[in-house]
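Asker:
Protein chains: 4
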Amino acid sequence: MSGTPGSFPWQRGVRAAAALTFDVDAESCALVQDPGSVERMSLMGHQSYGPRVGVPRLLNVLRRHDVRATFFVPGYTAECYPDAVRAIVDDGHEVAHHGYVHESMRGLDEGKEAEYLDRGLKALERVAGVRPTGYRAPWWEMNWHTPKLLAERGFTYDSSLLDDDVPYLMTSSGPGSTELIEIPVDWSLDDWEQFAFYPGWTGSGVIESPLKALEMWSLEATTRHAEGGCFVLTAHPFLSGRPAKANVLDRLLELLRSLDGMWVTSLAEIAAHARPVCGPARTHERLTDVPV
Amino acid sequence: MSGTPGSFPWQRGVRAAAALTFDVDAESCALVQDPGSVERMSLMGHQSYGPRVGVPRLLNVLRRHDVRATFFVPGYTAECYPDAVRAIVDDGHEVAHHGYVHESMRGLDEGKEAEYLDRGLKALERVAGVRPTGYRAPWWEMNWHTPKLLAERGFTYDSSLLDDDVPYLMTSSGPGSTELIEIPVDWSLDDWEQFAFYPGWTGSGVIESPLKALEMWSLEATTRHAEGGCFVLTAHPFLSGRPAKANVLDRLLELLRSLDGMWVTSLAEIAAHARPVCGPARTHERLTDVPV
Amino acid sequence: MSGTPGSFPWQRGVRAAAALTFDVDAESCALVQDPGSVERMSLMGHQSYGPRVGVPRLLNVLRRHDVRATFFVPGYTAECYPDAVRAIVDDGHEVAHHGYVHESMRGLDEGKEAEYLDRGLKALERVAGVRPTGYRAPWWEMNWHTPKLLAERGFTYDSSLLDDDVPYLMTSSGPGSTELIEIPVDWSLDDWEQFAFYPGWTGSGVIESPLKALEMWSLEATTRHAEGGCFVLTAHPFLSGRPAKANVLDRLLELLRSLDGMWVTSLAEIAAHARPVCGPARTHERLTDVPV
Amino acid sequence: MSGTPGSFPWQRGVRAAAALTFDVDAESCALVQDPGSVERMSLMGHQSYGPRVGVPRLLNVLRRHDVRATFFVPGYTAECYPDAVRAIVDDGHEVAHHGYVHESMRGLDEGKEAEYLDRGLKALERVAGVRPTGYRAPWWEMNWHTPKLLAERGFTYDSSLLDDDVPYLMTSSGPGSTELIEIPVDWSLDDWEQFAFYPGWTGSGVIESPLKALEMWSLEATTRHAEGGCFVLTAHPFLSGRPAKANVLDRLLELLRSLDGMWVTSLAEIAAHARPVCGPARTHERLTDVPV
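Structure representation (structure tokens):
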């Protein structure tokens, strides 16, 4: 509880930082929940929209603002849409790890999760020659052993936890303890809860107005900027790559860039900036003696 | 990935296109999910509102704006409400195919789906003398074999996929490959998620303000207009035919007609316009070797 | 399909009509779904709020605007809260029928439903000396035999169907056919979907802002006024009797009374006004030969 | 039904009262519903955010407005995060009782519930030297025997019922009847329904804009102020302690403090103020002879 909540000791004129991150799930997140969805032509098309149409539109938006973003790409997406991954890389954006086929990591033992991680790494390397330094767990679901697995594989940061507002250094407990920068996320800064809907698969049945999301995200941006904090938006090209939603991301970038001292960049750059100044590592320990 | 995402090579002074489409489901979509709902007098009345009250009100709105729209009419609706279908035709609107009784096509084999398609065709022909050229799958649920079935029956376009923003030519893979224009839809441009609610049948329990829907659809309209794209709204007369909702459709038409070069017309006319200029056909292939 | 949809031939300077109706369900609607909820002190208190606190506050609002409203009171509510019913009557409002204990009428045979109707009638008569002329089915769930049961008991109107926007005369089919005025309702004009939430009992988990409801209901009011139609709001004292919600009803009444020629009154008065001018009766027939 | 609904006879220049209350549930409310959630690192972090980050940020907000608030702290939270509890106490705020591990009290017999109450009392005493005078039931779920248990333990007030808008004196029925001030709550004045979402645990999947909540709560504040009533907001540090949500609480406090004669304080102070002037006690009796 040192320092002011939400504030980070940014250096060199940076007052606050912001990253736009895109989870390029495509078909993977639907298939992993129900393999039978491969038979649903409309659903598959709705998902393939992400790499085929959403990514090019979003790359245009980012280019217009001259901003580097982070794209979390499951290995299977990379294999199915190598052109999309190459276009991301060619535009100078970061490609990071997001499982092989957006696996549910909940309850997995260490060996199985390691296997999935390695499979995702191999796919990104083979398809795009990329060795990612960042990881985001599918469905933001980390296990207590995950940080160690990440550090062992040379990852320098993770972005899946919801326990802080600013980057921090974490060390896994137990033997072979290792360190990793965590750049936290927030359900309120995710486009899924605002826009996702597919009958028989996902969503609450409510689809929000993109302008409502813009209002909400803008308040997060100005508040975190005022605190000297960190703004991390999570968006999905099959949702936010569609016309009106990409339009509000364009407006959001307009706002972010207008904020004095707001550094809009990729997570890898934020992690590198944070590493030397973020202070001592925090150890996460699983609760013991839970009284239930 | 040729061209700018969301942009289409419209001809002859057209800068973008828009279509209002109405799925005149009436009782069919409730009955097909639960045949026992025929005993629910209030629910049946809520659905019959569509052809009896909603359609006449919507025809008035369209007449006021001198706009042609597309009405997707299940065969069973046509048989139950022949006057409504004739009124649609008399006003110069397009009547298109939407199943016989809004069947769930998910997981159907080719033979069974063909049977439903033919039953719908016969009903529209017998009741209204209409041979539709357009199709929209109930619940937008296409099977991989559906495009072939449609092309074999002389349909020139489909409007059920969610994999692009503008019309494109698609060809079914396999023997007897055939071509069809696809005019994509979008869950954000559907009135169902905004307004549908009936206890024990459907809906999330949240009913949105029509002005929220107007805000959302207006942003889609101006964004797609600016891109040179295509705006396709899907509305249901038993929902959007009610007073305040028809009022916002009136306002939406006001906006659409005020946009420079925005062609507001039926899907059949958009499909005919698109056919010669939309470039090479895209082949949809079912994913194979899915790793789950 | 005669006349303009949404328009009614109001007489004597009336241009459109509006009624505020209150379903004073109190504990009944919770108990009938789960008798065990009687053990839940907080839930029972949440429901008793309706007759104890909500009704007096709403009576104040109505008095301020000098408006007569309709209160649908289940017999069991009347027995538990006789003072509330008497206060309603003393203020000159209409008390109408809403089942005995807000029974689920869905799928009931004629004999059982008749029993519930009679039990409700007896309770209202015994507690408040009221013989209601109007009926609203709990959960708006009418059976095809319900209109006949109502007419046989001397009811002059029902307000449970969702198949039109204005009052109309309906006749039940079959032997002993009888006539009844129907004053239709609309899910968008019900406070339940906007505000209801109780864990382990009801609600979507989303609670809307009263100002959102006011926006939505105001648009319905002005649209129906412009059409020459009928505006019927359904509210529940345990929800809309709370401070901010009663505040927006106050504002809504302000709006309704400012609309030129808008007659704000009880459903019984609307039914009496409509009876001689509403034209020939409509017969509702259960669909036969349903193809599913 | 004495007095105007929503109005209270405040003394000494107080026109209305407001309290910000924080339920510091942390991991407890997730663990008690699913003990297996202890394995979910991300979920546990999302909950620990409350005492670790949310509480310090909220204490800053309260300090800026020089306002005393009430923090309901489950005993298990106090044991896991003693620093957070001490910081709350050091800032002069009230710490009150909220179960030991946010137990579900629904359907519990008196003995079992007494055990949980005592366990929570002991934890607060041991960790922070606090003997709370106020209680809020986890999930606001009171049993008919709960008031007696509270009075026996020396509690002076409860804040879990939803049956009124202003404080009142209640007496439990039966032998050993005792008195307690009740300060009612309201689902519309709870941040949970607006913001809570965690996959596989809770939430509707809809996350509202903090500005929507601010709009809604502001209307409650001004309405209750105008009535001479009582405004009690319930917030959770793991939700409302996050940047944009804390920002709107800051703005809400701005509004509350600007209202003439609005006393913004802790529940304990409201209870003490209300005790001598709130009139005769109300007896809550469980319904008997329920006709279902």
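Protein chains in written order, with full-length UniProt numbering: chain B, 1 to 292; chain E, 1 to 292; chain F, 1 to 292; chain P, 1 to 292. All C-beta atoms, glycine included, are put in the ideal place defined by N, C-alpha and C.
Going by beta carbon distance, what residues of the same chain come within less than 6 Å of P/Glu110, once the five residues before and after it are set aside?
Answerer: Counting from 1 along the fourth sequence, the entry for residue 110 of chain P is found at position 110. Counting only Cβ-Cβ distances below 6 Å, and skipping sequence neighbours, we find His145.
Asker: What separation, rounded to the nearest whole angstrom, lies between the Cα atoms of E/Asp190 and F/Ser37?
Answerer: Locating residue 190 of chain E in the second sequence gives position 190, counting from the first residue. Locating residue 37 of chain F in the third sequence gives position 37, counting from the first residue. In a straight line, the C-alpha of E/Asp190 is about 38 Å away from that of F/Ser37.
Asker: Helix, strand or coil, according to DSSP, for B/Arg153 in the structure here?
Answerer: Taking the first residue of the first sequence as 1, we reach residue 153 of chain B at position 153. Three-state result, B/Arg153: coil.
Asker: In the DSSP assignment, find the alpha helix (DSSP H) that holds F/Glu115 and state where it starts and stops.
Answerer: Taking the first residue of the third sequence as 1, we reach residue 115 of chain F at position 115. Its alpha helix (DSSP H) spans residues 110-128.
Asker: Quick check on F/Leu129: buried or exposed, where buried means 16 or more other Cβ atoms within 10 Å of its Cβ?
Answerer: As a working note, residue 129 of chain F is residue 129 in the third sequence. Reading off the sequence, residue 129 of chain F comes out as Gly, not Leu. So F/Gly129 ends up on the exposed side.
Asker: What residue range does the alpha helix (DSSP H) around B/Val89 cover?
Answerer: Translated into the one-based positions of the first sequence, residue 89 of chain B becomes position 89. Note, B/Val89: alpha helix (DSSP H), 82-90.
Asker: Using a beta-carbon distance cut-off of less than 7 Å, what residues from the segment 8-41 of chain F approach chain P?
Answerer: Those residues of the segment 8-41 of chain F that come within reach of chain P (Cβ to Cβ, closer than 7 Å) are Glu27, Leu31, Val32, Pro35, Val38, Glu39, Arg40, Met41.
Asker: Where F/Pro243 and P/Glu220 are concerned, what is the direct C-alpha to C-alpha distance, given to the nearest angstrom?
Answerer: The count along the third sequence starts at 1 and reaches residue 243 of chain F at position 243. The count along the fourth sequence starts at 1 and reaches residue 220 of chain P at position 220. Whole-angstrom Cα-Cα distance: 7 Å.
Asker: Identify, in the order they occur along the chain, each residue of the same chain with its Cβ nearer than 8 Å to the Cβ of P/Ser211, setting aside the five sequence neighbours on each side.
Answerer: Residue numbering aside, residue 211 of chain P sits at position 211 when the fourth sequence is read from its first letter. The question names Ser, but residue 211 of chain P is Leu in the sequence shown. Here the set comprises Val248.
Asker: If you reduce the DSSP assignment to three classes, tell me which class B/Leu219 lands in.
Answerer: Translated into positions along the first sequence, residue 219 of chain B becomes position 219. In the structure shown, B/Leu219 sits in a helix (DSSP, three-state: H, G or I).
Asker: What are the residues of the segment 151-179 of chain P that lie near chain F, defined by any Cβ-Cβ distance shorter than 7 Å?
Answerer: Flagged, chain order: Ser160, Leu161, Leu162, Asp163, Asp164, Asp165.
Asker: Give me whichever residues DSSP pairs with B/Met262 in a beta bridge.
Answerer: Start at 1 with the first residue of the first sequence, and residue 262 of chain B comes out as number 262. Note: B/Met262 sits in a beta bridge opposite B/Ala16.
Asker: Does any CB atom of chain A fall closer than 8 Å to the CB of E/Pro138?
Answerer: In summary, chain A is missing from the structure at hand, where the protein chains are B, E, F and P.
Asker: Would you call F/Ser188 buried or exposed, if buried means 16 or more other Cβ atoms sit within 10 Å of its Cβ?
Answerer: The residue given as residue 188 of chain F occupies position 188 in the third sequence. Its Cβ being crowded by 16 or more others within 10 Å, F/Ser188 is buried.
Asker: Taking all protein chains shown into account, do 16 or more other C-beta atoms lie within 10 angstroms of the C-beta of B/Gly194, making it buried, or fewer, making it exposed?
Answerer: Within the first sequence, numbered from 1, the residue matching residue 194 of chain B stands at position 194. First, the residue type needs correcting, since residue 194 of chain B is Gln and not Gly in the sequence shown. Buried, because 16 or more other Cβ atoms sit within 10 Å of the Cβ of B/Gln194.
Asker: By the 10 Å Cβ neighbour count, where 16 or more other Cβ atoms means buried, how is B/Gln11 classified, buried or exposed?
Answerer: Start at 1 with the first residue of the first sequence, and residue 11 of chain B comes out as number 11. Result: exposed.
Asker: Which one of E/Gly120, E/Leu259, E/Glu285, E/Ile183 has the shortest CA to CA distance from E/Ser266?
Answerer: The residue given as residue 266 of chain E occupies position 266 in the second sequence. Checked all of E/Gly120, E/Leu259, E/Glu285, E/Ile183; the closest Cα to E/Ser266 is E/Ile183.
Asker: Across which residues does DSSP place residue 326 of chain E in a beta bridge pair?
Answerer: Limits of chain E in this structure are 1 at one end and 292 at the other, which puts residue 326 of chain E out of reach.
Asker: To the nearest angstrom, report how far apart residue 295 of chain B and B/Trp140 are at their CA atoms.
Answerer: There is no way to answer for residue 295 of chain B, as the model of chain B reaches only from 1 to 292.
Asker: Residues of chain P with CB closer than 7 Å to the CB of B/Leu121, please, in chain order.
Answerer: Against the first sequence, residue 121 of chain B aligns to sequence position 121. Under the 7 Å cutoff, chain P gives no residues; its nearest Cβ is about 21 Å from B/Leu121.
Asker: Within the 8 Å Cβ cut-off, does B/Leu43 reach chain P?
Answerer: Numbered from its first residue, the first sequence carries residue 43 of chain B at position 43. It does not; no Cβ of chain P falls within 8 Å.
Asker: Tell me, to the nearest whole angstrom, how far the beta carbon of P/Asp23 is from that of P/Thr234; I am working on the premise that it is less than 8 Å.
Answerer: Here residue 23 of chain P refers to the residue found at position 23 when the fourth sequence is read from its first residue. Here residue 234 of chain P refers to the residue found at position 234 when the fourth sequence is read from its first residue. About 6 Å; that satisfies the 8 Å criterion.
Asker: Between which two residues does the beta strand (DSSP E) containing B/Met170 stretch?
Answerer: Sequence index remark: in the first sequence, residue 170 of chain B carries index 170 (1-based). Looking at the DSSP string, the run of the beta strand (DSSP E) that includes B/Met170 is 168-172.
Asker: Is it buried or exposed, P/Val277, if we count other Cβ atoms within 10 angstroms and call 16 or more buried?
Answerer: If you number the fourth sequence from 1, residue 277 of chain P lands on position 277. Burial call: exposed.
Asker: Can you find a C-beta in chain P that's less than 8 Å from the C-beta of F/Gly205?
Answerer: Indexing the third sequence from 1 puts residue 205 of chain F at position 205. It does: the Cβ of F/Gly205 has a partner Cβ on chain P nearer than 8 Å.
Asker: With a Cβ-Cβ cutoff of 8 Å, do P/Gly261 and P/Val67 count as a contact?
Answerer: In the fourth sequence, counting from the first residue as 1, residue 261 of chain P sits at position 261. In the fourth sequence, counting from the first residue as 1, residue 67 of chain P sits at position 67. For P/Gly261 and P/Val67, no; Cβs fall outside 8 Å.
Asker: For a quick check, are the C-beta atoms of B/Thr171 and B/Ala271 less than 8 Å apart?
Answerer: Along the first sequence, read from residue 1 onward, the residue named residue 171 of chain B stands at position 171. Along the first sequence, read from residue 1 onward, the residue named residue 271 of chain B stands at position 271. No; because the gap between Cβ atoms is not below 8 Å, this pair is not in contact.
Asker: Establish whether the CB of P/Leu256 and some CB of chain F are separated by less than 8 Å.
Answerer: The residue you call residue 256 of chain P lines up with position 256 of the fourth sequence. Cβ-Cβ to chain F under 8 Å: no for P/Leu256.
Asker: Can you confirm whether the segment 107-121 of chain P touches the segment 58-72 of chain P when touching is taken to mean that 3 or more C-beta pairs between the two stretches lie within less than 8 Å?
Answerer: Short answer: they don't touch.
Asker: Any idea what DSSP makes of B/Asp250, helix, strand or coil?
Answerer: For the purposes of this step, residue 250 of chain B is taken as residue 250 along the first sequence, with counting starting at 1. In the structure shown, B/Asp250 sits in a helix (DSSP, three-state: H, G or I).
Asker: If you compare alpha carbons, which of B/Ile181, B/Gly200, B/Leu150, B/Phe71 is closest to B/Val55?
Answerer: In the first sequence, counting from the first residue as 1, residue 55 of chain B sits at position 55. For the residues B/Ile181, B/Gly200, B/Leu150, B/Phe71, the minimum Cα distance to B/Val55 belongs to B/Phe71.
Asker: In three-state DSSP terms, what is P/Ile207?
Answerer: Translated into the one-based positions of the fourth sequence, residue 207 of chain P becomes position 207. Looking at P/Ile207 - three-state DSSP - the assignment turns out to be coil, as it is neither helix nor strand.
Asker: If the cut is a Cβ gap below 9 Å, which residues of chain E does F/Arg286 touch?
Answerer: Position 286 of the third sequence holds residue 286 of chain F. Per Cβ cutoff of 9 Å: Val38, Glu39, Met41, Met44.
Asker: Give the residues from the segment 98-120 of chain E that approach chain F closer than 8 Å (Cβ to any Cβ), ordered along the chain.
Answerer: From the segment 98-120 of chain E, only Tyr100, Val101 have a Cβ closer than 8 Å to chain F.
Asker: Between the alpha carbons of F/Met216 and B/His46, how many angstroms are there, rounded?
Answerer: For the purposes of this step, residue 216 of chain F is taken as the residue at position 216 of the third sequence. For the purposes of this step, residue 46 of chain B is taken as the residue at position 46 of the first sequence. C-alpha separation (whole angstroms): 31 Å.
Asker: Compute the Euclidean distance between the alpha carbons of B/Gly3 and P/Phe197, then round it to the nearest angstrom.
Answerer: Here residue 3 of chain B is taken as the residue at index 3 of the first sequence, counted from 1. Here residue 197 of chain P is taken as the residue at index 197 of the fourth sequence, counted from 1. Each residue's Cα considered, the two are about 28 Å apart.
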